[in-house]
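*Asks:*
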Amino acid sequence: MGALSLLIFLPMIAVIGILLLPNRMGHSFKYLALLATVLQFGLAGYLYINFNGSAGAFSEVSTYQYVEQLPWIRLDLGSLGKLEVDYFLGVDGFSLPLLLLSAFVMLMAVGASWNIEKSKKGYFALLMLLNTAVMGIFCALDFFLFYVFYEVMLLPLYFLIGIWGGARREYAAIKFFIYTLFGSVFMLLVIVGLYFSVQNPNTGAHTFNMLYMMNPENYVPGSFFDFLGNANEIFGIPARMIGFIVLFVAFAIKIPIVPLHTWLPDAHVEAPTPVSIILAGILLKIGGYGVIRICLGIFPDAAADANWWLGLIGVVSIIYGALNALAQTDLKRLIAYSSVSHMGFVLLGISSLTAEGISGAMFQMLSHGFLSAALFFLVGVVYDRVHDRYIYNFRGLASIMPKYTAYVAIAFFASLGLPGFSAFIGEAFVIIGTFNAESMNTGIPRWMAIFGSLGILLSAAYFLWTLQRMFFGTTRLKGGEEWVKELKDVNIREQIILFPTLALALLLGIMPSLVFGVLNNSVLSLLDLVTPYL
Amino acid sequence: MISLTHFLFVSACLFCIGLYAIIAKRNSIMILIGIEFIINAAILNLVAFGRYDKINYSGQIFALFAIVLAAAAVAVGLAIILNVYRKYKTINPENITDLRD
Amino acid sequence: MSDLLNISPIIGSMLVVLLPFLAFLIQAILGKRSQSGNIALVSIILSTIFSLIFVFAEVWKQEPISANVSWFTIGTHTFTLGILLNNLTVLMQLIVCIIALPVHIYSKSYMKGDPGIHRYWMYLSLFCFAMLGLTISSNLLMMYIFWELVGFASYLLIGFWFTKESAVQANKKAFIINRIGDLGFLLGIASVYSMYGSLNLVELFGKDGLFYSLPASSDGWLTFTGICFFIGAMAKSAQFPLHVWLPDAMEGPTAVSSLIHAATMVAAGVFLLSTVFPLFNQTVLLTIAIIGCITALISAYFAISQTDIKKILAFSTISQLGFMVVAVGVGAWDAAMFHLATHAFFKCLLFLSAGAIIHEMAHLKEANKLDIDPQDINNMGGLKKWMPKTFILMSIASLALAGFPLTSGFLSKDAILISAFEWAAQLNGLYFLIPITLTLVSILTAFYIGRLIFKVFFGELKIKVERIHLHEANLSMLGPMIFLGICSIFLVFSWNPIAYHHSFILTGFSITYPFAEIHSLHIILPIILTISSAIAWVIGWNWYVKGKYPLNSGNKLLDISMNQGYINEFYNKIFVKSTLNLSKGLYWFDQNIVDGFVNFLATIVRNLAHFSAWIDRYIVDGLVNTIAGTAYYIGHLLRWVQNGRLQNYLGFAFTVVLIGIIYLIIK
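Chains as they are written, first to last, in our numbering: chain G, 1 to 534; chain A, 1001 to 1101; chain D, 2001 to 2667.
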């Protein structure tokens, strides 16, 4: 059993443990989950440190590290050829930082779940199942395996939102589930199409191996998704473009982009704090990761054609999300919309197809992972105390919760891209990369960078406005004296969770090479794959 | 001169009265009496038609049989009514509808 | 020992930057336990010493030095962290240190007893770190980082009294408007990066730098880049139309205003313009000159009628920054830096003096339980009697501001004005509007600062109280003021009180102007300015001291000036309100159209499902049920006969027989 398998299935051991333990030992579930996530984080950190970011082609196994490849399903389908599904894991500079992020956010989420009272057994079992699925998604290099993990991820989330959520939890859970399923069902069609178009050069069998899908030579001539000289069309759109669009929509729902974002505010608002943390910290990153690994990796030709539209969607998401955040009166919803805006930078950066832009996008994903998780946690802190999140019900919190205010201010400033924090590096390089795209002739015009930068301005506006409305001024609370009693400053447990998160954001902002060192060669190899089609 | 027709007429009247009693009366004993009426109407007809058999008097003999049978029937009928009364505390046939589906 | 003192300029300048940061960290960790501010004070003293001895003395008028270490690599490009020491940067660093030091000393007694004083020192150290880092950054990205950090520190300090609603409004406004400038700066960086592939200042603008060897991709983009950088400078240096944050920023403690919002941070814009000066082409330079000129004019106009002592000084700062920007615009960025240096001292002194006055007025207010605004000059008057030293110091600073001979301001202002005239003389025509406007502004400057002095120090105290507890500020406040007062004299900058060419700053930069020198101007212009300033003071004396004020309060021009040209209201209405409305509208759109569409789809699917369920139930299943039902009803048709009544049965039987008989009969 390789390191990655251990990373993926460690939480499963916790699941089995949780399910076997009797209910009266309910208090031990969280310790079990904590143990699993701590081990997982340690393991991920170990892998991260020992990663050697050597260069290589994006479609070569040798580029990936900690590779595990085992035959999984082998079926002789007669005239349809042989079915080949592998248990194929491996990481490169794109997936490894996200693995580490996921392990960290999971740790945070377990910490945030400390006071869960409602059916602990189911809760922690589902949380750990989700953990397994998420890890699997980032490790899988076989498309079938990827899809399995992708779908497995939905199930625990549905229940976590639908059972432990807020007032409109059923609505939010169903909306989230159907939205994501809508994307992934069509993804399945493309996967099947790709399967029939790609052959394993060694065995001649059709394969789900993603790396084979990235290499034009492995395509069956004349097949539906054939790389070169493909004349297949659906509704007048070239087949490969259709494949790209369908996969993009599937992942774009996850990112999310405008106008496919409406599941997000509902899901975030209704989900319990730990699940919000996971949603914002990990789930959205799966979208960005999918676009990089799959849309760009398998359909580089279509990506090179469509990146103008991707960039436009990114810019629209940035501005639209930011303006919507400005209109919110519910703190959690405000942060949910700010996520839409910040994830727009990711899409814009990816679409620029420049090293700066893609690196910036990856960095932005990591930074947003930490920061949005911290922000949702901070909302959870005040919500736990008075069960209210309405901005205008609070005023002058700084006087009664000085430490909390300091944490909020740091998280807000970090999120709005104050230099020294990670979001700045991400956003600045997305903008620089996008601006640079015109010199590189990748088809992204400079005005997109200019409009995208408006998002940075607007993020300052909504975060500072919130800071001014909720935290500064003379103390005036809706709940009066009662709330003042309830609103105690952050306790030790909360500080243990918050401090490392914000410290990490700071560390990454000061030493971006921690990420770029791992990432850089993968970005270059991805660009090698894409640039010939520009 | 009293012809056969007159006998038949009286017999028909007796039958009708009996039939009426059977259908319309709300008392089982009256129904039993109605039945007697009908039997008597038949007996009357037997006797009236007996004149055409002057050798064996089979009409009169059948009449005698019928009278005996009627007496037996009344005995059985009264016993039934008594048992019905015991069970249902009524002898009004309207109220005894156990034959209904 | 000699090894210890042998610190290279690079290490020295690093220490200069890192000491305040260390102070910030220590104070952040100590929190409420460090109230005295000694840590911040020690760090800034050491910084100043290092800056003067190991950096400025070593580098000034010598070859530039720079050192870089790689920071991170993206793609094939490595970004560096580094220090660049040349005349410009070491001068700026020294100015910041020398201004920051007296402000720290002053703050010790000015801020005494404030419940949040531990935060004050922490923020002040953070600001010093960011500002000093900004001055010596060797590449634009690093400069941008410090650029935003000074904005952040300024945000924290403006909102220092965070329970005051106006303060938190002001700091939000300051940060957001500075963000606009930051975006300009960022886009400028992106543009430079995409054109030249480097952000290092030496690589770009050094001898045979990329800027000179690589042609720009197009003139349009060069203009764009220049404008972007200028927008950055505009926001930081409070140029019209982004000047609105600075008057509001006066909500912060006065010591902060003197350091950040008068002397150092707001000058960073001018510093940036000087740094990237080669980038600017003619179009951009002209834009810079025009904007600077408009700023100088309107803010001088607004300053005339303000009643808040700090707001007058704030507008005066904006106006002076306008002067510097014009100097950059006409190509005389050395004059801009010169004025930046002189202005830093006398404006800082003005603010500190104002702080001393406000301090006393606030005591007066508390002692007598009055409901007055301690910053309103209409409440003051005759303070000369109680605070003579403050009066003298403030007068020196005012004379410097007005450009009176023998002061430092005289030299630097002349340098700008004369350069502007020479520049216009070369271009002719409408270009003369700029230097003429500037001359007018100089006169206005003399007038409004005269008004301030007259209203505050002359005449009688306007508020009537029994016990007047006014006295001179204590030594730790007065000392820094005296130091700054000395620095406002010409001798600090030049041995020649009349000709600005001999000042050491200008000789240090020694740039060649693109226009010819006109000698007669150097004599005529100072004389004209001095005389007209004197006239302005005479008028001011008559109006404000003698009480022969000619204007009534309903005057339209006065009204506009008092309300700062209604620019804030205009912005509120046009930008803020419309953005908020747009965001509300978009949220409505999001809820009702985008999400509405999703929910609509869901409703359609649900209704379709209901419909098909209806069909299934009533049509498909209905058919089956109809057949079954028909059989059932037919079966039931005669069911009622079976009612259990013997008599009925008999009756029916009889009826049927009867019917049969009748049938037989009829047949």
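Positions of the beta carbon are idealized from the N, C-alpha and C atoms, including for glycine.
For the candidate residues L378(G), F345(G), F413(G) and S522(G), whose alpha-carbon lies nearest to that of Y404(G)?
*Replies:* Walking along the first sequence from the start, residue 404(G) turns up at place 404. The residue with the shortest Cα to Cα distance from Y404(G) is L378(G).
*Asks:* Here's the rule: buried if 16 or more other CB atoms are within 10 angstroms of the residue's CB, otherwise exposed. What is K254(G)?
*Replies:* Counted from its first residue, the first sequence places residue 254(G) at position 254. By the neighbour-count rule (16 or more Cβ atoms within 10 Å), K254(G) is buried.
*Asks:* DSSP state of L71(G), grouped into three classes?
*Replies:* By one-based count along the first sequence, residue 71(G) stands at place 71. Before going further, note that residue 71(G) is Pro rather than Leu in the sequence given. P71(G) falls in the strand class under three-state DSSP.
*Asks:* Under the three-state reduction of DSSP, which class applies to A2386(D): helix, strand or coil?
*Replies:* If you number the third sequence from 1, residue 2386(D) lands on position 386. The residue you asked about is not Ala; residue 2386(D) is Trp in the sequence shown. In the structure shown, W2386(D) sits in coil (DSSP, three-state: anything other than H, G, I, E or B).
*Asks:* Have a look at G455(G) and D305(G) and give me their C-alpha separation to the nearest angstrom.
*Replies:* One-based indexing of the first sequence puts residue 455(G) at position 455. One-based indexing of the first sequence puts residue 305(G) at position 305. Their Cα atoms are separated by approximately 26 Å.
*Asks:* Skipping 5 residues on each side, what residues in its chain have a beta carbon closer than 7 Å to that of A2170(D)?
*Replies:* Start at 1 with the first residue of the third sequence, and residue 2170(D) comes out as number 170. Excluding sequence neighbours, A2170(D) sits near I2158, D2248, A2249 and E2251.
*Asks:* Buried or exposed for M2361(D), going by 16 or more other Cβ atoms inside 10 Å?
*Replies:* Your numbering for residue 2361(D) matches position 361 in the third sequence. Looking at its Cβ environment, which holds 16 or more other Cβ atoms inside 10 Å, M2361(D) is buried.
*Asks:* Assign I137(G) to buried or exposed, taking buried as 16 or more other Cβ atoms, counted over all protein chains shown, within 10 Å of its Cβ.
*Replies:* Your numbering for residue 137(G) matches position 137 in the first sequence. Per the 10 Å Cβ criterion, buried.
*Asks:* Please tell me whether L1008(A) has its Cβ less than 7 Å away from any Cβ of chain D.
*Replies:* On the second sequence, position 8 is the one that residue 1008(A) refers to. With 7 Å as the cut-off, L1008(A) does not count as an interface residue toward chain D.
*Asks:* Following the continuous alpha helix (DSSP H) through F2509(D), name the residue where it begins and the one where it ends.
*Replies:* Within the third sequence, the letter at position 509 stands for residue 2509(D). Element bounds for F2509(D): F2504 to F2509.
*Asks:* Of the residues that make up the stretch 2631 to 2647 of chain D, which ones have a beta carbon closer than 9 Å to any beta carbon in chain A?
*Replies:* So the close ones are R2639, Q2642, N2643, G2644, R2645, L2646 and Q2647.
*Asks:* Spatial neighbours of F2454(D) within its chain, please: C-beta separation below 7 Å, excluding the five flanking residues on both sides.
*Replies:* To locate residue 2454(D), count along the third sequence from 1; it is residue 454. Around F2454(D): G2540, W2541, Y2544 and V2545.
*Asks:* When you compare only the Cα positions, how much space is there between L2242(D) and A503(G)?
*Replies:* Translated into positions along the third sequence, residue 2242(D) becomes position 242. Translated into positions along the first sequence, residue 503(G) becomes position 503. The straight-line gap from Cα to Cα measures roughly 34 Å.
*Asks:* Note down, in chain order, each residue of its chain lying with its Cβ closer than 6 Å to the Cβ of A103(G), except the 5 sequence neighbours on either side.
*Replies:* Taking the first sequence and counting its residues from 1, the one referred to as residue 103(G) is at position 103. These residues qualify, in order along the chain: Q40, F41 and A44.
*Asks:* Work out the CA separation of N1095(A) and V2641(D) for me, nearest whole Å.
*Replies:* For the purposes of this step, residue 2641(D) is taken as the residue at position 641 of the third sequence. For the purposes of this step, residue 1095(A) is taken as the residue at position 95 of the second sequence. Their Cα atoms are separated by approximately 16 Å.
*Asks:* What residue range does the alpha helix (DSSP H) around T2530(D) cover?
*Replies:* By one-based count along the third sequence, residue 2530(D) stands at place 530. Its alpha helix (DSSP H) spans residues H2519 to G2540.
*Asks:* Kindly list the residues whose CB is nearer than 8 Å to the CB of Y1020(A), restricted to its own chain and excluding five residues on each side of it in sequence; keep chain order.
*Replies:* As a working mapping, residue 1020(A) is identified with position 20 in the second sequence. Correct list, in chain order: G1034.
*Asks:* Pull up the CB-CB distance for T2390(D) and L2399(D), whole angstroms please, since I reckon it's below 8 Å.
*Replies:* Along the third sequence, read from residue 1 onward, the residue named residue 2390(D) stands at position 390. Along the third sequence, read from residue 1 onward, the residue named residue 2399(D) stands at position 399. Wrong, their Cβ atoms sit about 15 Å apart, outside the cutoff.
*Asks:* Of the residues S367(G), L529(G), V518(G) and L524(G), which one's Cα is nearest the Cα of S95(G)?
*Replies:* Taking the first sequence and counting its residues from 1, one reaches residue 95(G) at position 95. Closest option to S95(G), Cα to Cα, is V518(G).
*Asks:* Tell me whether A2262(D) sits in a helix, a strand or coil according to DSSP, three-state version.
*Replies:* Counted from its first residue, the third sequence places residue 2262(D) at position 262. Correct three-state label for A2262(D): helix.
*Asks:* Give a yes or no on whether the C-beta atoms belonging to G229(G) and N521(G) are separated by under 7 Å.
*Replies:* In the first sequence, counting from the first residue as 1, residue 229(G) sits at position 229. In the first sequence, counting from the first residue as 1, residue 521(G) sits at position 521. No, these two residues do not count as a Cβ contact at 7 Å.
*Asks:* Identify whether D2308(D) lies in helix, strand or coil by the three-state DSSP scheme.
*Replies:* Indexing the third sequence from 1 puts residue 2308(D) at position 308. Strand at D2308(D).
*Asks:* Please state whether the Cβ-Cβ distance between S367(G) and G344(G) is less than 7 Å.
*Replies:* In the first sequence, residue 367(G) corresponds to position 367, counting from 1. In the first sequence, residue 344(G) corresponds to position 344, counting from 1. No, they are not a contact pair.
*Asks:* If we ignore side chains and look at the alpha-carbon of each, how far apart do S2583(D) and D330(G) end up?
*Replies:* The count along the third sequence starts at 1 and reaches residue 2583(D) at position 583. The count along the first sequence starts at 1 and reaches residue 330(G) at position 330. Looking at the two C-alpha atoms, the distance is approximately 14 Å.
*Asks:* I want to see whether chain D comes within less than 7 Å of I431(G), judged by CB atoms only; does it?
*Replies:* Residue numbering aside, residue 431(G) sits at position 431 when the first sequence is read from its first letter. Closer than 7 Å: yes.
*Asks:* What is the DSSP secondary structure of Y66(G), counted as helix, strand or coil?
*Replies:* Within the first sequence, numbered from 1, the residue matching residue 66(G) stands at position 66. It is a strand residue.
*Asks:* Strictly by DSSP, which residues pair up with K82(G)?
*Replies:* One-based indexing of the first sequence puts residue 82(G) at position 82. In the DSSP output, where bridge partners are listed per residue, K82(G) has D76(G).
*Asks:* Considering N2068(D), what are the terminal residues of the beta strand (DSSP E) in which it resides?
*Replies:* For the purposes of this step, residue 2068(D) is identified with residue 68 of the third sequence, where counting begins at 1. Here the beta strand (DSSP E) through N2068(D) covers I2065 to I2074.
*Asks:* Near V91(G), what residues of its chain come up, given a Cβ to Cβ distance below 8 Å and the 5 sequence neighbours on each side ignored?
*Replies:* The count along the first sequence starts at 1 and reaches residue 91(G) at position 91. Hits under 8 Å: L4, L47, F51, Y64, Q65, Y66, L99, F138 and C139.
*Asks:* Would you call the stretch 344 to 362 of chain G and the stretch 471 to 480 of chain G touching, i.e. three or more CB-CB distances under 8 Å?
*Replies:* The stretch 344 to 362 of chain G is not in contact with the stretch 471 to 480 of chain G.
*Asks:* Just tell me which of F244(G), Y337(G), L326(G) and P259(G) has its CA closest to the CA of D301(G).
*Replies:* Counting from one through the first sequence, the residue named residue 301(G) turns up at place 301. The shortest Cα separation from D301(G) among F244(G), Y337(G), L326(G) and P259(G) belongs to F244(G).
*Asks:* If you draw a straight line from the C-alpha of A2415(D) to the C-alpha of A2335(D), how long is it?
*Replies:* Translated into positions along the third sequence, residue 2415(D) becomes position 415. Translated into positions along the third sequence, residue 2335(D) becomes position 335. Cα to Cα, the separation comes out at about 6 Å.
*Asks:* Tell me whether the beta-carbon of G2533(D) lies closer than 7 Å to the beta-carbon of A2424(D).
*Replies:* Taking the first residue of the third sequence as 1, we reach residue 2533(D) at position 533. Taking the first residue of the third sequence as 1, we reach residue 2424(D) at position 424. The amino acid at residue 2533(D) is misidentified as Gly; the sequence shows Ser. It is not a contact, given that the beta carbons lie outside the stated cut-off.
*Asks:* Tell me, please, whether the CB atom of N393(G) is closer than 7 Å to any CB atom in chain D?
*Replies:* Counting from one through the first sequence, the residue named residue 393(G) turns up at place 393. It does not; no Cβ of chain D falls within 7 Å.
*Asks:* Compute the Euclidean distance between the alpha carbons of S2274(D) and F2338(D), then round it to the nearest angstrom.
*Replies:* Locating residue 2274(D) in the third sequence gives position 274, counting from the first residue. Locating residue 2338(D) in the third sequence gives position 338, counting from the first residue. Cα-Cα distance, rounded: 11 Å.
*Asks:* Counting along the chain, where does the beta strand (DSSP E) carrying I2083(D) start and finish?
*Replies:* Numbered from its first residue, the third sequence carries residue 2083(D) at position 83. Taken as a continuous stretch (DSSP letters only), the beta strand (DSSP E) holding I2083(D) covers H2077 to L2085.
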